[in-house]
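Comments concern the structure below.
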Amino acid sequence: MMLRKFRILYLFLLFFSIDKLVLIPPVKTFLTGEEVGNPYVESLKNLSADYLGETKYQDKKKIWAFGTSRSMNFYQYASLPYVQNSEFLSTQQKKELEKFKIYTYAAPGSNPLVYYTRFNQLLEQNYKPDMVFLEVSAFSFNKNNRFYHITLLEGMPLEFALAHFDELPNEFAHEFFFSRLFALSRYKISSKAISANLFGTKDKNMELLKTFLPANAGSIDPFATAFDTKTNREESPYTPDQFNDFKNLPSNETDKYIKVSMLVDVLKKEFYGNFTENENNFQFLSHIIDRCQKNNIPVILWIPKVHKELNDFYETATFYPKWKQKIETLAKEKQIRFVDLNEAGKVQCDYYQDAAHVSGRCLPEITANVLGIPK
């Protein structure tokens, strides 16, 4: 009789216990699928940005470039040594690019929610750029892409959300704050993850995707590491043989399959499958542009170049023209520059790391194109 009387209490205590256990990283890893390829953890606080005050670049125009893994080449190759050695730039373009210093805020699977967070954190530390690049990739606006749920859970610190509550889209605010009431409302128990951990079965698509993530993906704080490490702020000397790329297509049949054909198939499923437009990210993008304009900061929206096999998919996908039209409309309404580097003739450089990422050797030409510097 006593057990019956307190059954609800026992059930609640059991739920509460499991809920708190899920907060322990190894338990969360075992019971949920949230850690698989997760480049984010909710610990991107107001990290130090002392590098923005370096006197070495005080005479340069500062560009802040926000993006996904497609913008990560800016970390290494947006520097004078690579600009000066680029075979795809005219002498005049090289001279113009010498006037700029690019600081990059890019991470795998990122999106405007994450851009909005870090952009405001930096402004609120009293830093101000001369220009902002905002990468817009279609998968960043798909609610069903591999990283959307992760960025919702981990891409914005709680205290930041509270401080910017009035600007948060209603749907996002509801999901964000409700998910923090209980760990089990935030990290869903996954029978697939438990089975994989018990029996050693692998998610083949994710195993492939992990090969294209930075080596530190899955570490304690890889998102913050990507944004604010000293390594990513140092200009490396020019090394012509370090790109590890291919022109048009890999010569090796295995690489051709893995880096192009197979990767495109995986991206279709994991990033573009069941495309459901994320209106919240359009609002975050709009908020960034509004704050830039309020502070007289020019801002440019740009779509990265991808391999022809992936671009062919864009041209046939029903969601893509609708999504691109919304980006173009936003740019026109805000009267800002918009560049699609997949348009014919935009980028001469035809080297790639894989189907979704151009080679670092293309970065100087890409920068000139985004800025609109003529040859």
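Under the numbering used here, residue 1429 is the last one in the sequence shown; the count climbs by one each step, no gaps. Using N, Cα and C, we set each Cβ at its ideal position, and we do this for glycine too. Every value quoted in this text rests on a predicted model; they were computed, and no experiment measured them.
Check                                                                                                                                                          : Outcome
Counting C-beta neighbours from all protein chains within 10 Å, is the total for ASP1408 16 or more, i.e. buried, or is it exposed?                            : buried
Would you report the Cα separation of ASN1180 and LYS1110, rounded to the nearest angstrom?                                                                    : 19 Å
In chain order, which beta strand (DSSP E) runs of at least 3 residues are fully inside the segment 1360 to 1402?                                              : 1391 to 1394
Assign ALA1398 to one of two classes, buried (16 or more other C-beta atoms within 10 Å of its C-beta) or exposed (fewer than that).                           : exposed
Do the segment 1348 to 1362 and the segment 1387 to 1396 make contact, defined as three or more Cβ pairs closer than 8 Å?                                      : yes
Using CA atoms only, rank isn't needed, just tell me which of LYS1182, PHE1201 and VAL1137 is closest to PRO1162.                                              : PHE1201
Contact defined as beta carbons within less than 8 Å: I believe LEU1085 pairs with ILE1248. What is the distance between those atoms, to the nearest angstrom? : 6 Å
Thinking just about the alpha-carbon of each residue, which of ASP1113, VAL1168 and LYS1323 is nearest to the one in ASP1184?                                  : ASP1113
Would you report the Cα separation of LEU1068 and GLY1209, rounded to the nearest angstrom?                                                                    : 30 Å
Quick test of the definition: if touching needs 3 or more C-beta pairs under 8 Å, does the segment 1372 to 1383 touch the segment 1221 to 1228?                : no
What do you reckon, are the CB atoms on GLU1189 and ALA1119 nearer than 9 Å?                                                                                   : yes
Report the option in LYS1082, PHE1173, TYR1159 and VAL1076 whose CA atom is closest to the CA atom of ILE1342.                                                 : PHE1173
Along the chain, which unbroken stretches of the alpha helix (DSSP H) at least 4 residues long are found entirely within the segment 1196 to 1232?             : 1202 to 1208, 1212 to 1217 and 1224 to 1232
Under the assumption that PHE1128 contacts ALA1160 (Cβ atoms under 8 Å), give the Cβ distance between them as a whole number of angstroms.                     : 6 Å
Anyone know if the C-beta pair for ALA1410 and LEU1317 falls short of 9 Å?                                                                                     : yes
Where GLU1141 and PHE1231 are concerned, what is the direct C-alpha to C-alpha distance, given to the nearest angstrom?                                        : 50 Å
What residue from LYS1155, PHE1214, PHE1226 and GLU1213 has the CA that sits closest to ASN1440's CA?                                                          : Because the chain here runs from 1055 to 1429, residue 1440 falls outside it and cannot be looked at.
Just how far apart, CA to CA, sit THR1330 and ASP1344?                                                                                                         : 25 Å
To which residues of the same chain is ALA1132 closer than 8 Å at the C-beta, ignoring the five residues directly before and after it?                         : ALA1119, ILE1156, THR1158, LEU1417, PRO1418 and THR1421
Tell me which residues share the same chain as ILE1117 and place their Cβ nearer than 8 Å to its Cβ, disregarding the 5 neighbours each side in the sequence.  : PHE1154, LYS1155, ILE1156, TYR1157, PRO1183, ASP1184, MET1185, VAL1186 and PHE1187
Between LYS1322, ASN1334, ASP1404 and PHE1373, which has its C-alpha nearest LYS1362's C-alpha?                                                                : ASP1404
Checking 9 Å against the spacing of the C-beta atoms, do PHE1336 and PRO1166 come in under that value?                                                         : yes
From ASP1366 to SER1340, what distance separates their C-alpha atoms?                                                                                          : 29 Å
Per DSSP, what kind of secondary structure is TYR1157 in: helix, strand or coil?                                                                               : strand
What residue range is occupied by the uninterrupted alpha helix (DSSP H) comprising LEU1235?                                                                   : Here LEU1235 belongs to no alpha helix (DSSP H), and DSSP marks it neither H nor E.
Given this structure, state the Cα-to-Cα distance separating TYR1169 from LEU1177, to the nearest angstrom.                                                    : 12 Å
If you draw a straight line from the C-alpha of GLU1152 to the C-alpha of GLN1138, how long is it?                                                             : 9 Å
Could you tell me if THR1308 is buried or exposed, where buried requires 16 or more neighbouring beta carbons within 10 angstroms of its beta carbon?          : exposed
When you compare each of GLY1414, ASN1423, VAL1081 and TYR1326 to LEU1364 by their alpha carbons, which one comes out closest?                                 : TYR1326
Pull up the CB-CB distance for TYR1105 and ARG1287, whole angstroms please, since I reckon it's below 8 Å.                                                     : 5 Å
Could you check the C-alpha separation between PHE1214 and LYS1301 for me, to the nearest Å?                                                                   : 43 Å
Between the beta-carbon of ASN1423 and the beta-carbon of ASN1328, is there less than 9 Å?                                                                     : no
Determine the extent of the alpha helix (DSSP H) in which TYR1405 is found, giving its start and end residues.                                                 : Element bounds for TYR1405: not the alpha helix (DSSP H) but the beta strand (DSSP E), 1405 to 1408.
Report the CB separation of ARG1415 from ASP1295 in whole angstroms; it is logged as a contact under 8 Å.                                                      : Wrong, their Cβ atoms sit about 11 Å apart, outside the cutoff.
In angstroms with no decimal places, state the Cα-to-Cα distance between SER1191 and LEU1321.                                                                  : 13 Å
Let me know the secondary structure DSSP gives LYS1323 once reduced to three states.                                                                           : helix
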